[in-house]
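Asker:
Numbering (our numbering), first residue to last: 31 to 408.
1) Tell me the residue span of the beta strand (DSSP E) that contains residue 42.
2) Can you list, in chain order, the residues of its chain whose CB lies under 7 Å from that of residue 321, leaving out five sequence neighbours each side?
3) Can you tell me which of the three DSSP states residue 321 falls into?
4) Strictly by DSSP, which residues pair up with residue 342?
5) Once DSSP output is grouped into helix, strand and coil, what is the label at residue 312?
6) Per DSSP, what kind of secondary structure is residue 136 in: helix, strand or coil?
7) Among residues of its own chain, excluding the 5 on either side of residue 79, which ones have a beta-carbon nearer than 7 Å to its beta-carbon?
8) Please check the pair residue 61 and residue 52, which I expect to be a contact at CB under 8 Å, by giving their CB distance rounded to whole angstroms.
9) Quick check on DSSP: helix, strand or coil for residue 395?
10) Taking the C-alpha atoms as reference points, what is the distance between residue 160 and residue 303?
11) Pull up the distance between the alpha-carbon of residue 375 and that of residue 212, whole angstroms please.
12) How would you call residue 326, buried or exposed, if buried means at least 16 neighbouring beta carbons within 10 angstroms?
13) Taking C-beta to C-beta, are residue 136 and residue 333 nearer than 8 Å?
14) Is it a yes or a no for the stretch 112–120 touching the stretch 393–408, going by three-plus beta-carbon pairs under 8 Å?
15) Is DSSP giving residue 254 helix, strand or coil here?
16) Looking at C-beta atoms only, is the number of pairs between the stretch 239–246 and the stretch 269–283 that lie closer than 8 Å three or more?
17) Using DSSP bridges, identify the partner residues of residue 79.
18) Would you list the residues sitting across from residue 200 in a DSSP beta bridge?
19) Let me know if residue 391 comes out buried or exposed under the rule of 16 or more other beta-carbons within 10 Å of its beta-carbon.
20) Measure the alpha-carbon distance for residue 428 versus residue 263 and round it to whole angstroms.
21) State the DSSP-derived secondary structure class of residue 183, mapped to helix, strand or coil.
22) Strictly by DSSP, which residues pair up with residue 351?
23) For a test of the three-state rule: what should DSSP assign to residue 176, helix, strand or coil?
24) Among residues of its own chain, excluding the 5 on either side of residue 318, which ones have a beta-carbon nearer than 8 Å to its beta-carbon?
25) Measuring straight from C-alpha to C-alpha, what distance separates residue 360 and residue 127?
26) Nearest CA to the CA of residue 202: which residue from 125, 155, 164 and 174?
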């Protein structure tokens, strides 16, 4: 409890500063008992979050281009390039909306491989966040192991996608490229090796008293607060909110391979880290099942090059929660697009999340909610 003699000062951070998501500006009111210095031990007693500095204007770009005729494929590339870490989720939400509008049924083989892509992206994203958290906790050995496992997974999938990340694979009605049987076997084998190594590391992190002491009770969000704010993804599930599009509204292969929802109750930074790490194991399980049961058949639905007009919605569980995409158009072009991602509602809770914590924990708090500003400012 700060005394009446505490020193207060306003500090502006961002929008382009190390330790902050790019494009986020924070106005912090800090207070400390030390009259001679306002350092990392200062308490955050007030906070304001401003964004929009990296505004991409995806929806406006589509509207502006419509007069010249923006084709559905052009919009696909715009959505795919919106954000690197969430590219597969955003693209899947968009293509599923178009497929629902055009009544296209994705072939089983393509649906299984789409699941592999989506779950791989989830693991890669979660491992990056966990590694960054270990770096912020000054645990270089744990950080190095997580980054190495993430890199191994990226390289394993590069043999199929012909790139380090899986851009350009998802298209209307299925996938643009099949996977060779040999590559599928090698991928499945390598995924199992990575999963075993990661499982041991995850158990060590969860049992670590050193990590728990730093993250427990940090930035706690109750289930009621999460529901009221409309939080999604790991941030909501760490507060006990059992919501996951893969289980709540399963489509494609998710109907065949039931998803186990990973939930924690504490709602703090440690719970959010645990949820992401355990979700990696669940994603590996789904990937291995999909590759083991991979059916033969075509990669694209018949008539996928002939779209029809109308409007529809696609919903996907991305690394940061539900991605919802609404589209409207004619058989030739897209005339309306709205993309809602999991990071957007998280921005609204930042002021309350930061208040009452030391300035030295700011980076850990921001990492714990895993903001993706390109998706939030789409």
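By construction, the Cβ of each residue, glycine as well, lies at the ideal position given by its N, Cα and C atoms. Every value quoted in this text rests on a predicted model; they were computed, and no experiment measured them.
Answerer: Inspection of the coordinates gives the following:
1) Per DSSP, residue 42 belongs to the beta strand (DSSP E) from 37–43.
2) Excluding positions up to five away in sequence, the list reads 146, 214, 217 and 218.
3) Secondary structure at residue 321: helix, using DSSP grouped into helix, strand and coil.
4) Per DSSP, the beta-bridge partners of residue 342 are 357.
5) Here residue 312 sits in helix by DSSP.
6) Of the three classes helix, strand and coil, the one that applies to residue 136 here is coil, per DSSP.
7) When the five nearest sequence neighbours on each side are left out, the beta carbons in the same chain lying within less than 7 Å of the beta carbon of residue 79 are those of 54, 56, 377, 380 and 381, in order along the chain.
8) Contact check for residue 61 and residue 52: beta-carbon distance about 28 Å, past the 8 Å limit, so the pair fails to qualify.
9) Helix.
10) Straight through space, the alpha carbons of residue 303 and residue 160 are spaced by roughly 7 Å.
11) A direct Cα-to-Cα measurement between residue 375 and residue 212 gives close to 43 Å.
12) Under this definition residue 326 is an exposed residue.
13) With contacts defined by Cβ atoms closer than 8 Å, residue 136 and residue 333 do not form a contacting pair.
14) Yes, the stretch 112–120 touches the stretch 393–408.
15) Assignment of residue 254 by DSSP, reduced to helix, strand and coil, places it in the helix class.
16) For the pair of segments examined, the stretch 239–246 was found not to touch the stretch 269–283: the number of CB pairs separated by less than 8 Å stays below three.
17) Secondary-structure assignment with DSSP links residue 79 through a beta bridge to 56.
18) Residue 200 is bridged to 205.
19) Residue 391 comes out buried.
20) No answer is possible for residue 428: the residues shown for the chain start at 31 and end at 408.
21) Residue 183 falls in the helix class under three-state DSSP.
22) Note: residue 351 sits in a beta bridge opposite 348.
23) Of the three classes helix, strand and coil, the one that applies to residue 176 here is helix, per DSSP.
24) Short of 8 Å from the beta carbon of residue 318, and not among the five residues preceding or following it, lie these beta carbons of its own chain, in chain order: 218, 221, 222 and 225.
25) If I take the Cα positions, the gap works out to 14 Å.
26) Measuring from the Cα of residue 202, the nearest candidate turns out to be 125.
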